[in-house]
Amino acid sequence: MSYPEYPDTRHPLRRLAELLGELELGTGRLAGDSDGYPHIFGYRGPKLSELMEVEFVPIGDAIDDLMMIKSAAEVELVRESARWASRAHRLLQDYTRPGLTETQVSARAGIEATQELLAEYGDHYRAHAWGSSGPHAGYRGQIGAHGALPHSLATNASFGAGDTLVTGASCPMFGYFSELERTMILGEPSAAQQRYFGHMLALQELAIDRCRAGVSCAAVDTAVRDYFDRNGLMPLWRHHSGHAIGILYHEGPFLDIGDETTIEPGMIFTVEPGLYVEGLGGFRHSDTILVTDGDPEFLTDYPRDLGSLTLPLDPLD
Numbered sequence: 000m001s002y003p004e005y006p007d008t009r010h011p012l013r014r015l016a017e018l019l020g021e022l023e024l025g026t027g028r029l030a031g032d033s034d035g036y037p038h039i040f041g042y043r044g045p046k047l048s049e050l051m052e053v054e055f056v057p058i059g060d061a062i063d064d065l066m067m068i069k070s071a072a073e074v075e076l077v078r079e080s081a082r083w084a085s086r087a088h089r090l091l092q093d094y095t096r097p098g099l100t101e102t103q104v105s106a107r108a109g110i111e112a113t114q115e116l117l118a119e120y121g122d123h124y125r126a127h128a129w130g131s132s133g134p135h136a137g138y139r140g141q142i143g144a145h146g147a148l149p150h151s152l153a154t155n156a157s158f159g160a161g162d163t164l165v166t167g168a169s170c171p172m173f174g175y176f177s178e179l180e181r182t183m184i185l186g187e188p189s190a191a192q193q194r195y196f197g198h199m200l201a202l203q204e205l206a207i208d209r210c211r212a213g214v215s216c217a218a219v220d221t222a223v224r225d226y227f228d229r230n231g232l233m234p235l236w237r238h239h240s241g242h243a244i245g246i247l248y249h250e251g252p253f254l255d256i257g258d259e260t261t262i263e264p265g266m267i268f269t270v271e272p273g274l275y276v277e278g279l280g281g282f283r284h285s286d287t288i289l290v291t292d293g294d295p296e297f298l299t300d301y302p303r304d305l306g307s308l309t310l311p312l313d314p315l316d
């Protein structure tokens, strides 16, 4: 089977317009998430409504609204994603030692976790994700002082004693994602690292506790910012408190002071307020939680305390 590549001598959208006409859908009203090619991957082109005698009705917002509340089956896929993210993260933590690089450790953790997943699922596993397959965990460059950049890039940095480390792990599971992030310390934590870790943990616990049905997303982020302000930490604030997750790694609504969406049972959020200290690094946990009729439910399951996340300096056996 072949298909005309973009942009070809006849734009693919013109071919789509012809096909819709053959299906007697060339007049009246058409609905979709985009009136023509979205501006991604360099794609451009005419609007569909310019090629046909149709009124185009955008329904992207309605699709986003439908994605906000997860079904029981969707929740279980995110939960299973979280289980394998935790496994990849455990391997990442176990293999991190001074002198090794983030590339070495991340690759080993991801490969071994994926092999374990395939041993359990066999031929039945499907990632259904663009660009990734299997559990993965890494550092995204947030190693030592460089961790003060909340969305850093991997640099193949080497680990050193005393580094503050910020991790990230996930696993595409039949098209669904979770998010697990932890702050770890390589060697005995300093007084400053203990202080900021404590604030980070308090901020996340505060935000998770606010993720309840009937509360606005804005109220969650407001409570977090109030904590920053009360404790003189606003210079260390960099981003909002979290976002929804599911089919897309980032979905709406957002735990942001500007999002007044009312939280409802069935919503799934990553909750990740962080502090970023120049010269010392970043401090951020992220957990994937499910909103219920009662207390928020953790879908990720991984230690959050400093003792469990303090790494030894001795070489691997």
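Residues 0 to 316 in numbering that gives the first Met the number 0 are what the sequence shown lists, from first letter to last.
Ideal placement from N, C-alpha and C gives every residue a C-beta, glycine not left out.
Three-state secondary structure (DSSP) of residue i
i, result
"I244", "coil"
"A136", "strand"
"R211", "coil"
"A128", "coil"
"R283", "strand"
"V270", "strand"
"T154", "coil"
"Y301", "coil"
"V290", "coil"
"T95", "coil"
"S307", "helix"
"Y120", "helix"
"T166", "coil"
"F253", "strand"
"M183", "strand"
"P45", "coil"
"G109", "helix"
"P6", "coil"
"P37", "coil"
"I262", "coil"
"R237", "coil"
"L76", "helix"
"M51", "coil"
"G27", "strand"
"E101", "helix"
Whole-angstrom distance between residue j and residue i, CA atom to CA atom
i, j, result
"F196", "T260", "30 Å"
"A61", "R96", "48 Å"
"A128", "E79", "15 Å"
"S240", "D286", "11 Å"
"A147", "E73", "34 Å"
"G44", "F55", "16 Å"
"G251", "A191", "35 Å"
"L298", "F268", "10 Å"
"L305", "R14", "58 Å"
"R303", "E204", "10 Å"
"I142", "Y248", "23 Å"
"L19", "G25", "6 Å"
"G231", "E4", "55 Å"
"E17", "E49", "13 Å"
"R82", "H38", "35 Å"
"S307", "T154", "26 Å"
"L202", "M266", "20 Å"
Option nearest residue i by Cα separation, candidates the options
i, options, result
"A87", "S70, A108, L76", "A108"
"S169", "T163, A136, H150", "A136"
"S131", "N155, A106, A144", "A106"
"Y301", "P3, A147, T166", "T166"
"E134", "G143, R43, E178, G140", "According to the sequence as given, residue 134 is Pro; it is not Glu. Of G143, R43, E178, G140, the residue nearest in Cα terms is E178."
"R283", "R181, I58, A156, Y36", "R181"
"H150", "E49, R237, L50", "R237"
"E115", "D258, L90, T154, L312", "L90"
"Y138", "S85, V104, P3", "V104"
"K69", "E23, G121, G245", "G245"
"F40", "L22, P6, S307, T221", "P6"
"Y42", "S33, P264, E49", "S33"
"T113", "Y94, A84, D93", "A84"
"M51", "L12, G281, A144", "L12"
Integer Cβ distance of residue i from residue j, believed to fall under 8 Å
i, j, result
"W110", "C210", "First, the amino acid is wrong: residue 110 is Ile here, not Trp. Actually they are not in contact, since the Cβ atoms of I110 and C210 sit about 34 Å apart, beyond 8 Å."
"A126", "P171", "4 Å"
"T309", "I184", "5 Å"
"A206", "L279", "Not quite, the Cβ-Cβ distance comes to about 22 Å (not below 8 Å), so this is no contact."
"G140", "A156", "6 Å"
"A217", "G257", "7 Å"
"I262", "V214", "5 Å"
"G31", "I58", "7 Å"
"G186", "L312", "5 Å"
"G35", "L47", "5 Å"
"Y94", "L315", "7 Å"
"A212", "D292", "6 Å"
"V53", "L29", "5 Å"
**Message:** Count Cβ pairs between the segment 271-283 and the segment 224-235 that sit closer than 8 Å; are there 3 or more?
**Reply:** yes
**Prompt:** Does the segment 55-70 touch the segment 149-168, meaning 3 or more C-beta pairs lie closer than 8 Å?
**Reply:** no
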